[in-house]
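Taking our numbering, the leading residue of the sequence shown gets 187, the next gets one more, and so forth. In this text, a Cβ means the ideal position worked out from N, Cα and C, and glycines have one as well.
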Amino acid sequence: MTSSPGRGLLHLAASVDRPGVYDAGPYVELARLAERGGLDFVTLDDTFARPGLDAPAVLARVAPATHRVGLVPTVTTTHTEPFHVQAAVATLDWVSRGRAGWRIDVSTTEGEARLFGRRHAAPPAALWQEAGEVADVAARLWDSWEDDAEIRDVPTGRFVDRDKLHHVDFTGSAFSVKGPSIVPRPPQGHPVRVVDATEDHARTTAARYADVVLVRAASSARARALRDQLRGQAAQFGRDPDSLRVLVSLLVDLGDGEHAAEPGHGGGGPRPSAQGPLYRGGPVDLAELIASWHQDGTVDGFHLTPVEPRRDLERLVNGTVGLLQHRGLFRTFYPGSTLREHLGLARPANQYAVTGGTS
């Protein structure tokens, strides 16, 4: 596979949301379809604000039915215990053999708060500060086991080397965690952290902790401005901006066939809608939009939410992705096995093993 001169590889992801579906089969079907197209990962949304299945549990069921595609559930950091959240994400990374991500989100409504009865709803800025702390402590807990901490020596009865387990001793604004984790260090070291940074309150957390940032933009100029802002903030936090993947989130409706291209973009979009930028048109013009925004340096890729999940994802894979592959702009096979490898991200060093942190 080749990429455009001076550009990184194109990254594509898709939502497999099926509101009202309570059977694993349709989720497995969509994930397999995405995998057939070589997509980097699929996302499954989750919220306390509406009924639905638990996203990490659903994707744990999808894991053994797939082989390469990344699996990224939404898990809120509000009203949940950070220790349990990181263990759930680490478990998904283990059962998927290194394909897990975590879409970090917050719960803002009083209705969600009443489900737990612990506290009232808080302002978004405070919730995203807390989300950043949870992302931070999760990474520390993932590192609380060194990679070779497990001994599994049956004759001596020793399971772990306790010198290679570490307490994190973290105190945040609303919680404290001592550690270590109860789950060994995940295969990826750190499962991939994903943040939707469309809203201002989320951007600092995204720039500081996310590996993949989703932004909603109806124009290439807006997408480029958000990407530049996030990369600049990442640099201010001492991160390499090139380690941040910025993907534009679009709703896609591929059910109406091809339309004549409009100035500046293909098909019938993207256009603002109540649910976010919407592309309505055909697979060919969507491929043109994706290629042009990526090749001119606007974004690193796209996260696409099908309006009609089965229909639009099939047209996306067979039409849009097929055309991008034919033009040498997108992979035709997975060169690696982990989500980090799909995204071109290095496996993080263990912060305690490197610095010799005390246990």
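Around the beta-carbon of P309, fewer than 16 other beta-carbon atoms lie within 10 Å, marking it exposed.
With distances taken between CA atoms, V323 lies nearest to Q272 out of A311, W288 and Q272.
Checking the DSSP bridge columns, you'll see V503 has no partner listed.
Nearest C-alpha to A249 among F361, T266, E221 and D486: E221. Between D203 and Y538, the CB-CB gap reaches or exceeds 7 Å.
Counting only runs of 4+ residues, the alpha helix (DSSP H) found wholly inside the region 264-345 occupies 268-281, 296-302 and 310-328, in chain order. A straight line joining the alpha-carbon of I337 with that of T491 spans about 44 Å. Residue range D386 to Y395 is occupied by the alpha helix (DSSP H) that includes H387. Bridge pairing for A200: V228 and L490 [DSSP]. D382 and S429 do not touch by the CB rule: their CB atoms are close to 19 Å apart, not below 8 Å. With a 10 Å radius around the Cβ and a threshold of 16 neighbouring Cβ atoms, V340 comes out exposed. Contact annotation: D232 and T263 have beta-carbon atoms that are not nearer than 7 Å. Selection L509, L440 and A532 evaluated against R497 yields L440 as nearest (Cα-Cα). DSSP places S406 within a helical segment (H, G or I) once states are collapsed to three.
Straight across, the Cα-Cα distance linking L464 with E316 is about 31 Å. Looking from the CA of G375, the closest CA among D347, E527 and S359 belongs to E527. In the DSSP annotation of this structure, the continuous segment of the alpha helix (DSSP H) that includes D471 starts and ends at P469 to Q481.
With three or more CB-CB distances shorter than 8 Å, the region 493-509 counts as touching the region 208-227. If you draw a straight line from the Cα of L437 to the Cα of Y208, it comes to about 23 Å. Look at G211 here: in three-state DSSP terms it is helix. P259: member of the beta strand (DSSP E) spanning G256 to T262, first to last residue. Boundaries of the beta strand (DSSP E) around V380: V378 to D382. Excluding the 5 residues flanking it on each side, T484 has same chain C-beta neighbours closer than 6 Å at S406, A409 and R410, in chain order.
The region 346-363 makes no contact with the region 395-405: fewer than 3 CB pairs, one atom from each, lie closer than 8 Å. The DSSP-derived three-state label of R496 is helix. Taking C-beta atoms as the reference points, W288 and P377 count as a pair closer than 7 Å. Taken through DSSP and simplified to helix, strand or coil, D439 comes out as strand. With a cut-off of 8 Å on Cβ pairs, the region 293-310 is not in contact with the region 273-282, counting fewer than three such pairs. Exclusion of the five residues before and after H197 leaves D226, R431, L433, D486, G487 and L529 as the residues of its chain whose Cβ lies within less than 7 Å of its Cβ. By the C-beta density criterion, K350 is buried, having at least 16 other C-beta atoms within 10 angstroms. Taking the C-beta atoms as reference points, H352 is found no nearer than 7 Å to P373. A direct Cα-to-Cα measurement between A532 and D355 gives close to 26 Å. Each residue's CA atom was taken as its position, placing F519 and Q511 some 10 Å apart.
Between R379 and A321 a beta carbon distance of about 6 Å is seen, short of the 8 Å cut, so the two are scored as contacting. Within its own chain, the residues whose Cβ lies closer than 6 Å to the Cβ of A477, once the five positions on either side in sequence are excluded, are L515, listed in chain order.
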